[in-house]
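Structure record follows, encoded as structure tokens.
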Amino acid sequence: MDALLPVAVALGLLLVSAFFSASETALFCLGPGEREGAGDRARRLLEHPRDLLVSVLLGNLVVNLVFFALVPRLAKGAGWSPLAAAAAALAAIVLCGEILPKTLGLRAPRAVARLTALPLTVVVGALAPARRAANAVIEVILRALGESGKPEQGITTEALGEVLERSAGEDLHAGEADLLAEIVELDSIRVREIMTPRVDVTALDLSAGDTSAVIRRALAERRSWLPVVDGQVDRVQGCVKVRDLLRWPERPVDQLVMPVKFVPEVASALDLLDTFREDRTSEAVVVDEWGGTAGIVTVEDIFEELVGDLRTEEEGRQPEVVPLGEGRFRVSGQISIRDWNELFGRKLVPREFETLGGLVLALLGRMPRAGDRVTTGGLELLVNEVRGRRVHEVDLRVLGEEGQ
Numbered sequence: 017m018d019a020l021l022p023v024a025v026a027l028g029l030l031l032v033s034a035f036f037s038a039s040e041t042a043l044f045c046l047g048p049g050e051r052e053g054a055g056d057r058a059r060r061l062l063e064h065p066r067d068l069l070v071s072v073l074l075g076n077l078v079v080n081l082v083f084f085a086l087v088p089r090l091a092k093g094a095g096w097s098p099l100a101a102a103a104a105a106l107a108a109i110v111l112c113g114e115i116l117p118k119t120l121g122l123r124a125p126r127a128v129a130r131l132t133a134l135p136l137t138v139v140v141g142a143l144a145p146a147r148r149a150a151n152a153v154i155e156v157i158l159r160a161l162g163e164s165g166k167p168e169q170g171i172t173t174e175a176l177g178e179v180l181e182r183s184a185g186e187d188l189h190a191g192e193a194d195l196l197a198e199i200v201e202l203d204s205i206r207v208r209e210i211m212t213p214r215v216d217v218t219a220l221d222l223s224a225g226d227t228s229a230v231i232r233r234a235l236a237e238r239r240s241w242l243p244v245v246d247g248q249v250d251r252v253q254g255c256v257k258v259r260d261l262l263r264w265p266e267r268p269v270d271q272l273v274m275p276v277k278f279v280p281e282v283a284s285a286l287d288l289l290d291t292f293r294e295d296r297t298s299e300a301v302v303v304d305e306w307g308g309t310a311g312i313v314t315v316e317d318i319f320e321e322l323v324g325d326l327r328t329e330e331e332g333r334q335p336e337v338v339p340l341g342e343g344r345f346r347v348s349g350q351i352s353i354r355d356w357n358e359l360f361g362r363k364l365v366p367r368e369f370e371t372l373g374g375l376v377l378a379l380l381g382r383m384p385r386a387g388d389r390v391t392t393g394g395l396e397l398l399v400n401e402v403r404g405r406r407v408h409e410v411d412l413r414v415l416g417e418e419g420q
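Take any residue in the sequence shown, count from 1 to its spot, add 16: that is its number in the numbering used here.
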């Protein structure tokens with residue numbers, strides 16, 4: 017029995033070494049989009065990658081040192097020469113403690129990350145004192161090499177804006193400067209200003225039997241994806257690619273559903289673009305302050321803020337502003353207040369409304385009807401068309417001095 021104890025301990029240490037190797041590989045090869053399926057513990061561990069890496073390396077180092085310390089005793093009990101025992105131990109560590117577990121971590125990163133996250137969280141907490149000492153040594157070495165262990169501070173939009181102002185008329189091409197200026201402006205644009213509002217969202221309901229009508233509508237609207245809901249639009253379960261619905265029409269919809277990103281409507285468009293880049297996705301569901309669905313947003317919506325409308329003439333999007341002559345314009349009720357301010361040189365600050373139609377609602381204080389007329393800031397707004405409960409078109413007239 018005493019002779020078997022070192023063998024059992026060595027096998028246990030080999031398993032622990034395999035645990036560290038598999039968990040390290042699985043966690044660090046998870047892409048941003050895969051972390052959602054790895055569980056909350058895995059995501060929390062990856063929020064501090066340096067602490068995680070140092071803890072895993074320290075733990076694995078201690079385990080391997082103890083394992084090799086047992087080699088002479090194992091060699092003596094088996095009648096092996098010390099050299100043969102050392103070679104066998106090295107082969108066991110390389111094969112069973114490194115190659116096999118790391119291969120497993122590469123092949124099934126999410127599953128391995130879920131299984132190892134809990135014990136690894138305990139290890140990270142237990143090794144905190146040793147990790148702090150190791151980090152201090154690492155910091156000294158990095159400083160000696162002229163580096164720093166602290167993450168670099170990213171350039172702020174304010175600093176970039178100052179650079180653009182100083183560069184105006186110098187080395188930057190006019191088009192390049194304009195594009196950079198638009199990128200800087202993304203930080204001041206809220207997601208709710210560029211999203212597709214919930215009233216215009218085409219969603220696929222899991223509780224509905226026939227999905228053909230929704231698919232036809234999605235194709236007509238040139239949608240590449242649809243949010244999937246369970247009974248109502250505030251209960252979003254995920255999203256589905258329209259191409260998957262067409263490719264596998266016989267499959268139940270719930271088998272095609274993928275996770276979807278949720279973003280607050282008050283987030284900036286620049287933060288949203290960064291989120292899309294990190295998660296390697298291009299669509300998200302927008303939620304309001306109460307957690308309800310406010311709309312959907314895609315990376316295309318952000319790009320349209322930078323370069324203008326991406327739709328071709330064949331796709332038939334109606335212009336938001338049509339000049340009628342003599343200081344009169346026909347304007348879409350869905351034009352954003354920000355775009356409206358830029359077009360007409362106004363400084364109206366949106367509060368409870370984001371669109372021109374919302375402004376008309378706020379000024380009227382009731383549901384609008386065709387023919388309703390309001391004035392604000394030297395402009396006369398005539399409701400030209402109402403669809404449902406929404407202002408669809410407004411005839412706008414610039415008032416002269418006599419009309420103000």
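Virtual Cβ for every residue (Gly too), placed ideally from N, Cα, C.
Nearest-angstrom beta carbon gap, residue j and residue i [assumed within contact, 8 Å]
| i | j | result |
| --- | --- | --- |
| V252 | V301 | 5 Å |
| V82 | L29 | 6 Å |
| L90 | V23 | 7 Å |
| E321 | I205 | 6 Å |
| D87 | A101 | Position check: residue 87 holds Val in this sequence, whereas Asp was assumed. Rounded, the Cβ-Cβ distance is 5 Å, consistent with contact. |
| P275 | G254 | 6 Å |
| T227 | L261 | 7 Å |
| D295 | K277 | 6 Å |
Paired residues, beta bridge with residue i - DSSP
| i | result |
| --- | --- |
| A124 | According to DSSP, which records beta bridges pairwise, A124 is partnered with nothing at all. |
| E401 | E409 |
| C45 | Beta-bridge pairing links C45 to no other residue. |
| E130 | In the sequence as displayed, the identity of residue 130 is Arg instead of Glu. DSSP lists no partner for R130. |
| F345 | P339, L412 |
| C255 | P243, M274 |
| V390 | L397 |
| A160 | According to DSSP, which records beta bridges pairwise, A160 is partnered with nothing at all. |
| L220 | V244 |
| S284 | R206 |
| T309 | V303 |
| V279 | V302 |
| T371 | S352 |
Under 7 Å between C-beta atoms of residue i and residue j
| i | j | result |
| --- | --- | --- |
| V32 | V79 | yes |
| L136 | S37 | no |
| G121 | T41 | yes |
| G349 | G387 | no |
| V347 | L412 | yes |
| V410 | P384 | no |
| P125 | A34 | no |
| A146 | L202 | no |
| D216 | T309 | no |
| E336 | I351 | yes |
| V256 | V244 | yes |
| R389 | L380 | no |
| V315 | F292 | yes |
| L43 | A129 | yes |
| V258 | A234 | yes |
| W288 | V207 | Note on identity: in this sequence residue 288 is Leu, with Trp being the wrong assignment. In this structure, V207 lies closer than 7 Å to L288 by Cβ. |
Identity of the residue in the options nearest residue i by Cα
| i | options | result |
| --- | --- | --- |
| G341 | G311, V414, A85 | V414 |
| R238 | A142, C255, T218 | T218 |
| R60 | G307, V138, P275, A152 | V138 |
| A127 | A58, R267, F345 | A58 |
| L68 | D226, V390, G141 | G141 |
| A108 | F84, S97, L131, A129 | F84 |
| L242 | V273, L74, F345, R263 | V273 |
| R148 | A104, A26, R66, C45 | R66 |
| R405 | L62, R382, T391, G393 | R382 |
| A26 | R159, T392, A105, G311 | A105 |
| P265 | R232, Q248, D246 | R232 |
| L343 | G394, G307, W306 | In the sequence as displayed, the identity of residue 343 is Gly instead of Leu. G343 has its Cα closest to that of G394, out of G394, G307, W306. |
| R123 | V153, E305, L46, T392 | L46 |
| N76 | L158, N357, L131, L143 | L143 |
| L375 | L359, N400, L161, V407 | V407 |
| L62 | S97, L99, T132 | T132 |
Residue i at chain C interface by Cβ criterion, 7 Å
| i | result |
| --- | --- |
| L202 | Looking for chain C here will not work: only one protein chain is present. |
At least three beta-carbon pairs within less than 8 Å, the region 205-214 to the region 266-283: yes
Three-pair Cβ contact test at 8 Å for the region 287-299 versus the region 221-234: no
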